[in-house]
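Chemist:
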Amino acid sequence: LKPLVEHKNSYGVKTILVNLSDIYEDRYFQVDGRDKQEEIKLFIKNAHEEWGIKYVLLVGNFWRIPVRYSHLETDTGGKYEELSFVSDLYYADLYNSDGSFSSWDTDGDGIYAEWPYPEYSGIEDHVDMTPDVYVGRLACTSTTEVETMVDKIITYETSTYGKPWFNRFVTVAGDTFDKEWEDGTDYNEGEVACGKAIEYMSDFTAIKLWASLHNLTTENIIEEISKGCGFAYFVGHGNPRSWATHENGDYMNWTEGLYNRDMLRFSNKDKYPVLMVGGCHNSEIDVTPLNFIKGLLREGLHYFSTDPDDFGSYWFYNWVPECWSWFFVKVKNGGAIASIGSTGYGGVNIGDHNSNGIPDCIEGADGWFETHFFKLYMDGVNILGETFGETIRDYVQLFPVYEDRYDAKIVQTHILLGDPSLRIGGYQ
Numbered sequence: 015l016k017p018l019v020e021h022k023n024s025y026g027v028k029t030i031l032v033n034l035s036d037i038y039e040d041r042y043f044q045v046d047g048r049d050k051q052e053e054i055k056l057f058i059k060n061a062h063e064e065w066g067i068k069y070v071l072l073v074g075n076f077w078r079i080p081v082r083y084s085h086l087e088t089d090t091g092g093k094y095e096e097l098s099f100v101s102d103l104y105y106a107d108l109y110n111s112d113g114s115f116s117s118w119d120t121d122g123d124g125i126y127a128e129w130p131y132p133e134y135s136g137i138e139d140h141v142d143m144t145p146d147v148y149v150g151r152l153a154c155t156s157t158t159e160v161e162t163m164v165d166k167i168i169t170y171e172t173s174t175y176g177k178p179w180f181n182r183f184v185t186v187a188g189d190t191f192d193k194e195w196e197d198g199t200d201y202n203e204g205e206v207a208c209g210k211a212i213e214y215m216s217d218f219t220a221i222k223l224w225a226s227l228h229n230l231t232t233e234n235i236i237e238e239i240s241k242g243c244g245f246a247y248f249v250g251h252g253n254p255r256s257w258a259t260h261e262n263g264d265y266m267n268w269t270e271g272l273y274n275r276d277m278l279r280f281s282n283k284d285k286y287p288v289l290m291v292g293g294c295h296n297s298e299i300d301v302t303p304l305n306f307i308k309g310l311l312r313e314g315l316h317y318f319s320t321d322p323d324d325f326g327s328y329w330f331y332n333w334v335p336e337c338w339s340w341f342f343v344k345v346k347n348g349g350a351i352a353s354i355g356s357t358g359y360g361g362v363n364i365g366d367h368n369s370n371g372i373p374d375c376i377e378g379a380d381g382w383f384e385t386h387f388f389k390l391y392m393d394g395v396n397i398l399g400e401t402f403g404e405t406i407r408d409y410v411q412l413f414p415v416y417e418d419r420y421d422a423k424i425v426q427t428h429i430l431l432g433d434p435s436l437r438i439g440g441y442q
């Protein structure tokens, strides 16, 4: 990491490298956290107050740099049950609105960001959710991955500016939800979101790989990414191993998409996009092959059940070595410079329930969050962590995140896998 520290300092981004042992052994600050996660967070708080730090880059996967799990429950006992998920927002949200430390465990029971099901249950832990510093993670599992990412970041920031390929915007989408769920409309939600992003990104050349255009294929995705682009935006369905979507009116079948293994064919070395992905669990960084053994012991042969009303956990693919979004970033000779996506179930509004003629899929939830990121960039917010962090801040201010668990989940599940101090488009 030392070359990255030197690079950042050479561009006026004052940077210091701190090891976990420095934190746990109180080398810089006396911290007294209840666990390792809280000690790290208290260190960040002290560094923010004493050193004035603005950006925090966590280097290591979920067991090297421990993660905090949010216990915001959704659909408990149902098909889409999710009782907890990783939230790196924990490390960015340092203070409550009154300036006190934001512990994410205000009732002190050791269960963080607790919001139990059912729907009418209120939030048990007050979680401020507004970032006070900008946090990103390189979810590296090895020294080799660290070296790859250091090289990619330095190359990106020193050689991207002014390159024609940067002005390309690759969008990949289809019909996310069936019209039977839309109450009278028939929007292609993914394409609507991409269209809104393209509208914001008016200075960029848009490449549309859309189901409605019949050009959404794995080969076309690989080809367009390999040409290089400043941004890529995928909107559809996902899991830690793949991304895909649907043709309009064909919700029972999948389009071609992109598997982790396909990313090994990218050839866009030194032409890396910032990636935004709309899809459940694409950024689920706490995947591990150990989950295969745990699932089999827990569920027996039901682990492999293909019953559409009672899928076995095998099909959630949380046993892969690395999640889709991180695999996209860590590819050595191509891929992305950073990714933004969800560590858990995403959320998409459907239809036009307020009858204002604007698809609900871009008026809230993931569709608003993702497209607002592009709006902020075009408004001049060109430091990656700030663009991401201000997207969260604006969502918290505009939507009822303290009353609606689904709005709260939008901001808590999104994670930046990349350098928060990255200058998008590089230095001049």
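Just remember that this note's numbering sits 14 ahead of the position in the sequence shown, which is counted from 1. Quick reminder that beta carbons are idealized off the backbone N, C-alpha and C, glycines included.
1) Taking Cβ positions, are Ser435 and Tyr69 nearer each other than 7 Å?
2) Ignore the nearest five residues each way along the sequence and tell me which others in Thr199's own chain have a CB closer than 6 Å to its CB.
3) Between Tyr416, Met266, Pro373, which lies nearest to Glu128 when the distance is taken from Cα to Cα?
4) Can you tell me whether DSSP reads Gly293 as helix, strand or coil?
5) Residues in its own chain within less than 8 Å of Thr401 by CB, not counting five upstream and five downstream?
6) For Val206 versus Pro414, is the C-beta distance shorter than 7 Å?
7) At which residues does the beta strand (DSSP E) containing Ser256 begin and terminate?
8) Just how far apart, CA to CA, sit Tyr175 and Gly440?
9) Take Arg312 as the anchor and find which of Arg182, Thr302, Tyr328, Asn347 has the nearest alpha-carbon.
10) For Trp224, which residues does DSSP report across the bridge?
11) Compare the Cα-Cα distances from Asn75 to each of Glu238, Ile299, Ala220, Tyr201 and report the closest residue.
12) Do you know whose CA, among Glu171, Arg48, Val100, Gly378, lies nearest Asp123's CA?
13) Please check the pair Val186 and Leu223, which I expect to be a contact at CB under 8 Å, by giving their CB distance rounded to whole angstroms.
14) Could you tell me the alpha carbon to alpha carbon distance between Ile354 and Leu97, rounded to whole angstroms?
15) Check this for me: beta carbons of Val19 and Leu31, under 7 Å apart or not?
16) Regarding Asp393 and the ligand PLP, is the C-beta to nearest heavy atom distance less than 6 Å?
17) Can you have a look at Asp112 and say buried or exposed, based on whether 16 or more other CB atoms are within 10 angstroms of its CB?
18) Residues in the same chain with beta-carbon distance under 6 Å from Val345, minus the five sequence neighbours each way, listed in chain order, please.
19) Cα-Cα, which of Arg275, Ala350, Trp118, Gly263 is closest to Thr232?
20) With burial defined as no fewer than 16 other Cβ atoms inside 10 Å of the residue's Cβ, what is the status of Ile307: buried or exposed?
21) Between the C-alpha atoms of Glu237 and Trp257, what's the straight-line distance to the nearest angstrom?
22) Buried or exposed: Pro145, going by 16 or more other Cβ atoms within 10 Å of its Cβ?
23) Bridge partners of Leu86, per DSSP?
Modeler: Put simply:
1) By the CB criterion at 7 Å, Ser435 and Tyr69 fall inside the cutoff.
2) Around Thr199: Gly365, Asp366.
3) Looking at the Cα atoms, Tyr416 is the closest of the given residues.
4) Coil.
5) Take Thr401, set aside five residues on each side of it, and the residues of its chain with a beta-carbon closer than 8 Å to its own are Phe387, Leu390, Tyr391, Val395, Ile438, in chain order.
6) In this structure, Val206 keeps its C-beta atom at 7 Å or more from the C-beta atom of Pro414.
7) Looking at the DSSP string, the run of the beta strand (DSSP E) that includes Ser256 is 256 to 258.
8) Taking the straight line joining both Cα atoms gives about 5 Å.
9) Per the Cα distances, Tyr328.
10) Trp224 pairs with Ala187.
11) Ranking the options by Cα distance to Asn75, first place goes to Ile299.
12) Comparing alpha carbon positions, the residue from Glu171, Arg48, Val100, Gly378 closest to Asp123 is Arg48.
13) Indeed, because the Cβ distance is near 5 Å, the residues count as touching under 8 Å.
14) The alpha-carbon separation between Ile354 and Leu97 amounts to approximately 22 Å.
15) For Val19 and Leu31, yes; Cβs fall inside 7 Å.
16) Absence of the ligand PLP is noted for the structure shown, with no ligands found whatsoever.
17) That one is exposed.
18) Same-chain partners within the cutoff: Met277, Phe280.
19) Of the candidates Arg275, Ala350, Trp118, Gly263, the one whose C-alpha sits nearest the C-alpha of Thr232 is Arg275.
20) Result: exposed.
21) A direct Cα-Cα distance of roughly 17 Å separates Glu237 from Trp257.
22) Pro145 should be labelled buried.
23) Residue pairing by DSSP places Leu86 opposite Trp129 in a beta bridge.
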